[in-house]
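Novice: Supplied in structure tokens, the structure appears directly below.
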Amino acid sequence: MAADAKLDVNARGDGSGALPVPARVGEMLVALALLAAGGFFIWQSAGLPFGDLHRPGPGFFPSVLGSALGVLATAVLIRAWRGAAEVETIHLGHRNVLAVLAASIAAAVGFERLGAYATLGTLAGVLLLVLARLSLWRAALVASLGMVAVWAIFKVLLGVQLPPGPF
Amino acid sequence: MAAFDQLMSGFAVALTGKSLLYCFIGCLWGTVVGVLPGFGPLAGMTLLLPLTFGLDPATGIIMLAGIFYGAMYGGSTTSILVRIPGEAASVITCIDGYEMARRGRAGPALMIAAVGSFIGGTVSVLGLMLVTPPLARVMVSIGQPVEVALMLMALGVVIFVSAGPPLKTAAMIVLGLAVGTVGLDHLTGVPRFTFGNLGLADGLSFTALAIGLFGLSEIFLNLEKSEAVKAIRPKLRELIPRSSDLRQSAPAIARGSIIGFVFGIIPGVSHVTSTFVSYAVEKRLSRRPETFGKGAIAGVAGPETANNAVTGTAMIPLLALGIPSIPATAILLSALTIHGVQPGPLLITQHPDVFWGLVASMYVGNAVLLILNLPLVGIFVNLLRIPYPWLVPAILVISMVGVYSVNLKAADIWIMVLSGGVGYLLRKFGYEMAPLLLALVLGDRLEANFRLALLMSGGSYATFADSAALIVIAAALCLVLILQAFAWTFGYRKSVADQAERSS
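Here the protein sequences line up with chains A and B, keeping their order.
Residues in the first sequence are numbered from 12 upward in steps of one, following our numbering.
Residues in the second sequence are numbered from 29 upward in steps of one, following our numbering.
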């Protein structure tokens, strides 16, 4: 099916910077993370009233779910350890993915401190520069127009009050 | 007669200028996300979810439902013209739809897909309208044990019918339920996993999690692909099908309507399953099965009708029981809850404007989509030319503003970004996000009803096995299992569904 190319989540573009990670190792790491999440729920719910099997308290469900997650993660871990991964390698660290992730984190940091419009305008501009490869002035122009649209739709039309920041 | 009167009152809601505008916006955006590969109804709905918060519940839900069924329409366009399914339910249309397009018959394929979608969608709304009120009346009397059992059954079925490996799907369900426990315990008011942060008292923002897990992770996955899209471009005058096309399509559309409506009951991936079953049925019943795969119009008409006929059925469990059966209806549940409307047996009596307005808007929306999709097909195909990197900043900005606007908390943007990263990694390693989302939505009620049921029965687990609960669950489970067995018999395979799910 032609959709195959599109559906290949591991496709590696030229110069993408993505690194091949053995799928087995990756599977095990994800399983360990899930195991840790299960452990976290058990640990944190230890301080909550558990009740008993017939009158469960607030700690009952999280404890049971944490344990179940631990069991399932262990099963995935064992399966991966035995080498039952569906593919050999998974490519991680694609340049564009990292750029968007970094820009999104930066936007989350600056959203209230610098104000929504300044932060989101910068985010859009940077991504247009990095991903769309626009020239600086075109990226700035498009980002500015985008912010005007955001202001018109969210502030004027929908009445959403966004953080103005120091500007 | 009462139903007719109520439907008319629904039309009074759906035909106001505001409702029509948002129905149109929903249908248009749904078609766009259906056309764009890598998006789907889920990402489309989560991205526009925040826009509904300034609207009344009926208008908000009308817009979101429009996105849901609009995406089913749009998905067929790229399947036929580019051989890339715009969303998971259109994978099967690639086979004969694209073959028709290659042979210069893209127009009739698009026309029949649109007409079939319209008929399937309309039949489905009719079923929704007829089935939901009596079912809701029955379900008003069910107690917590039955509700718990129904929710567990739905989640259990998802494990087996989901495209991902059952072990990983189960892990996602448990993770979703566990994350759902963050916040104040509903029965005792004890804070759980809030670390003294009052902002977490209401739990983690569902909108932020949904947009992160689906929308943002989808962006990350799409950024890894770089494909030049070459679309076949039909002319408007070429849309008219031949009389032989109509003869072959009419029975396929009729069967697709029934198959889609019936298979919509299966939780999880009913929109995908129904298309595979419909295709297989058409091939088996065809006098010339050898033409399938070589541009048989029945291979387009049946599945495209079926995936739209699912939309109404998929809403029945949500509107009658308050239990979403597929991720798209989980988003609708979230939207309704945010507006203070609790879906469930009492929805129709307590919020008739929402229920009947939604039903009426679906009739209107299906007509809007039919009108929208045929003349504007050229414009929708042009969307495929927009470089993906241009779309990413726009989607991110809308998502961030939208997520912030729900609770006016910048912390929700953090949740969105982090869950996007986590969702991306999980999806890379074959974990499905849909079960996680369903569990996240159901978690609260599952726990509250479970504990209440035990409390009311004096701690006896036998309450979950009383006769009423057993009958309801056994009947529901049998129906789902029979349908799933039927789907497997007719060639629905997880491996194919896996591809389809990843494309949604």
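No residue lacks a Cβ here, since even glycine has one placed at the ideal position from N, Cα and C.
#1: Using 8 Å as the cut-off, can you tell me whether the stretch 142-149 of chain B makes contact with the stretch 328-341 of chain B, which would need three or more C-beta pairs spanning the two stretches below that distance?
#2: Where does N225/B land, buried or exposed, given buried means 16+ other C-beta within 10 angstroms?
#3: Runs of 4 residues minimum, wholly inside the stretch 351-414 of chain B: which ones carry the alpha helix (DSSP H) assignment?
#4: Quick one, are the C-beta atoms of L138/A and V108/A less than 8 Å apart?
#5: Given a threshold of 16 other Cβ atoms within 10 Å of its Cβ, counted over all protein chains shown, does T80/B qualify as buried or as exposed?
#6: So who's on the other strand from T100/A, going by DSSP bridges?
#7: Whose CA, out of F289/B, L49/B and V185/B, lies closest to the CA of L156/B?
#8: Listed in chain order, which residues of the stretch 203-214 of chain B have Cβ atoms closer than 7 Å to some Cβ of chain A?
#9: Drop a sphere of 10 angstroms on the beta-carbon of H379/B, count the other beta-carbons inside from all chains shown, and report buried for 16 or more, exposed for fewer.
#10: Could you please give me the residues that DSSP links to G62/A through a beta bridge?
#11: With the cut-off set at 8 Å, would you say V61/B and L412/B are in Cβ contact?
#12: Residues of chain B with CB closer than 7 Å to the CB of G94/A, please, in chain order.
#13: Who are the near neighbours of M73/B in its chain, counting only those whose CB is closer than 7 Å to its CB and skipping five residues on each side?
#14: Expressed to the nearest angstrom, what Euclidean distance is found between the alpha-carbon atoms of L374/B and P161/B?
#15: Whose C-beta lies closer than 7 Å to the C-beta of I441/B among residues of the same chain, with five residues either side of it excluded?
#16: Please confirm whether D213/B and P69/A have their CB atoms less than 8 Å apart.
#17: Looking at the secondary structure, which residues open and close the alpha helix (DSSP H) in which G321/B lies?
#18: For F51/A, is the beta carbon positioned less than 7 Å from some heavy atom of the ligand NAP?
#19: So if I threshold CB-CB distances at 7 Å, which residues from the stretch 108-126 of chain A count as touching chain B?
#20: Does chain B have any CB closer than 8 Å to the CB of R66/A?
#21: What does A422/B touch in chain A if you count any residue whose Cβ is under 8 Å from its own?
#22: Restricting to Cα atoms, I'd like to know which of G82/B, A238/B, K196/B and T319/B is closest to M128/B.
#23: To the nearest angstrom, how far is it from the Cα of G350/B to the Cα of V119/B?
#24: May I ask you to report which of helix, strand or coil DSSP gives G211/B?
#25: Is it true that the CB of M39/A sits closer than 8 Å to the CB of A86/A?
#26: Restricting to Cα atoms, I'd like to know which of L43/A, V153/A and L80/A is closest to L195/B.
#27: Please confirm whether G176/A and G126/A have their CB atoms less than 8 Å apart.
#28: Consult DSSP for R220/B and reduce its assignment to one of helix, strand or coil.
#29: Going by Cα to Cα distance, which pick from A395/B, G393/B and P295/B is closest to P352/B?
#30: Run down chain B in chain order and give the residues with a C-beta less than 9 Å from the C-beta of G37/A.
#31: So what does DSSP say about L169/A, is it helix, strand or coil?
#32: Kindly list the residues whose CB is nearer than 6 Å to the CB of A86/B, restricted to its own chain and excluding five residues on each side of it in sequence; keep chain order.
#33: Residues in the same chain with beta-carbon distance under 7 Å from K46/B, minus the five sequence neighbours each way, listed in chain order, please.
#34: Report the rounded CA-to-CA distance for V41/A versus L466/B, giving the unit in angstroms.
#35: How should T121/B be labelled, buried or exposed, when 16 other C-beta atoms within 10 angstroms of its C-beta is the threshold for buried?
#36: Give every residue of the same chain whose Cβ lies closer than 8 Å to the Cβ of A481/B, excluding the five residues on either side of it in the sequence, and list them in chain order.
Specialist: In short:
#1: Counting Cβ pairs under 8 Å, three or more are found: they touch.
#2: Along the second sequence, one-based indexing puts residue 225/B at 197. That one is exposed.
#3: 355-366, 375-378, 380-401 and 405-411
#4: By 1-based counting over the first sequence, the position of residue 138/A is 127. By 1-based counting over the first sequence, the position of residue 108/A is 97. Result no, Cβ atoms of L138/A and V108/A do not sit closer than 8 Å.
#5: Your numbering for residue 80/B matches position 52 in the second sequence. Answer is buried; the Cβ neighbour count reaches 16.
#6: Stepping through the first sequence from its first residue, residue 100/A is reached at position 89. Partner(s): P33/A.
#7: Position 128 of the second sequence, counted from the first residue, corresponds to residue 156/B. If we check each option's Cα against that of L156/B, F289/B comes out closest.
#8: L203, L205, A206, T209 and D213
#9: In the second sequence, the residue the question calls residue 379/B occupies position 351. Buried: at least 16 other Cβ atoms inside 10 Å.
#10: One-based indexing of the first sequence puts residue 62/A at position 51. For G62/A, which the question treats as bridged, DSSP gives the partners P67/A.
#11: If you number the second sequence from 1, residue 61/B lands on position 33. If you number the second sequence from 1, residue 412/B lands on position 384. Not in contact: V61/B and L412/B (Cβ atoms no closer than 8 Å).
#12: Numbered from 1 along the first sequence, position 83 holds the residue referred to as residue 94/A. Among the residues of chain B, none has a CB under 7 Å from the CB of G94/A; the nearest is roughly 15 Å distant.
#13: Position 45 of the second sequence, counted from the start, is the residue given in the question as residue 73/B. So the qualifying residues of the chain are L92, I95, F96, A356 and I359.
#14: Numbered from 1 along the second sequence, position 346 holds the residue referred to as residue 374/B. Numbered from 1 along the second sequence, position 133 holds the residue referred to as residue 161/B. If I take the Cα positions, the gap works out to 10 Å.
#15: Translated into positions along the second sequence, residue 441/B becomes position 413. Taken in chain order, the residues that qualify are M428, V431 and Y432.
#16: For the purposes of this step, residue 213/B is identified with residue 185 of the second sequence, where counting begins at 1. For the purposes of this step, residue 69/A is identified with residue 58 of the first sequence, where counting begins at 1. Result yes, Cβ atoms of D213/B and P69/A sit closer than 8 Å.
#17: As a first step, residue 321/B is located in the second sequence; it is residue number 293 there, counting from the start. From DSSP, G321/B is part of no alpha helix (DSSP H); its letter is neither H nor E.
#18: Only the bare structure without any ligand can be found here, which leaves the ligand NAP out of the picture.
#19: V108, V111, L112, S115, I116, A118, A119, F122 and E123
#20: To locate residue 66/A, count along the first sequence from 1; it is residue 55. Chain B contact via Cβ: present.
#21: For this step, residue 422/B is matched to residue 394 along the second sequence. By Cβ distance, chain A contributes A135 and G157.
#22: As a position in the second sequence, residue 128/B is number 100, starting the count at 1. Comparing Cα-Cα distances from M128/B to each of G82/B, A238/B, K196/B and T319/B, the minimum goes to T319/B.
#23: Sequence index remark: in the second sequence, residue 350/B carries index 322 (1-based). Sequence index remark: in the second sequence, residue 119/B carries index 91 (1-based). Whole-angstrom Cα-Cα distance: 30 Å.
#24: Here residue 211/B corresponds to residue number 183 of the second sequence, with the count starting at 1. Assigned with DSSP and collapsed to three states, G211/B falls in strand.
#25: Working through the first sequence from its first residue, we reach residue 86/A at position 75. Working through the first sequence from its first residue, we reach residue 39/A at position 28. Here A86/A is not near M39/A, since their CB atoms are 8 Å or more apart.
#26: Here residue 195/B corresponds to residue number 167 of the second sequence, with the count starting at 1. Per the Cα distances, L80/A.
#27: Counting from one through the first sequence, the residue named residue 176/A turns up at place 165. Counting from one through the first sequence, the residue named residue 126/A turns up at place 115. Less than 8 Å separates the beta-carbon of G176/A from that of G126/A.
#28: Here residue 220/B refers to the residue found at position 192 when the second sequence is read from its first residue. In the structure shown, R220/B sits in a strand (DSSP, three-state: E or B).
#29: For the purposes of this step, residue 352/B is taken as residue 324 along the second sequence, with counting starting at 1. P352/B has its Cα closest to that of P295/B, out of A395/B, G393/B and P295/B.
#30: In the first sequence, the residue the question calls residue 37/A occupies position 26. Per Cβ cutoff of 9 Å: L453, K456 and F457.
#31: Locating residue 169/A in the first sequence gives position 158, where the first residue counts as 1. If DSSP states are grouped into helix, strand and coil, L169/A belongs with coil.
#32: As a position in the second sequence, residue 86/B is number 58, starting the count at 1. Closer than 6 Å at the Cβ level, and outside the excluded window around A86/B, lie V41, D381, V382 and G385.
#33: Taking the second sequence and counting its residues from 1, one reaches residue 46/B at position 18. If we look at K46/B and ignore the five residues flanking it on each side, its Cβ neighbours are T87.
#34: Looking up residue 41/A in the first sequence gives position 30. Looking up residue 466/B in the second sequence gives position 438. V41/A and L466/B: Cα-Cα distance of roughly 21 Å.
#35: Position 93 of the second sequence holds residue 121/B. T121/B should be labelled buried.
#36: By one-based count along the second sequence, residue 481/B stands at place 453. Once the five neighbours on either side are set aside, the close Cβ partners of A481/B are G171, Q172, P173, V176, T491 and F492.
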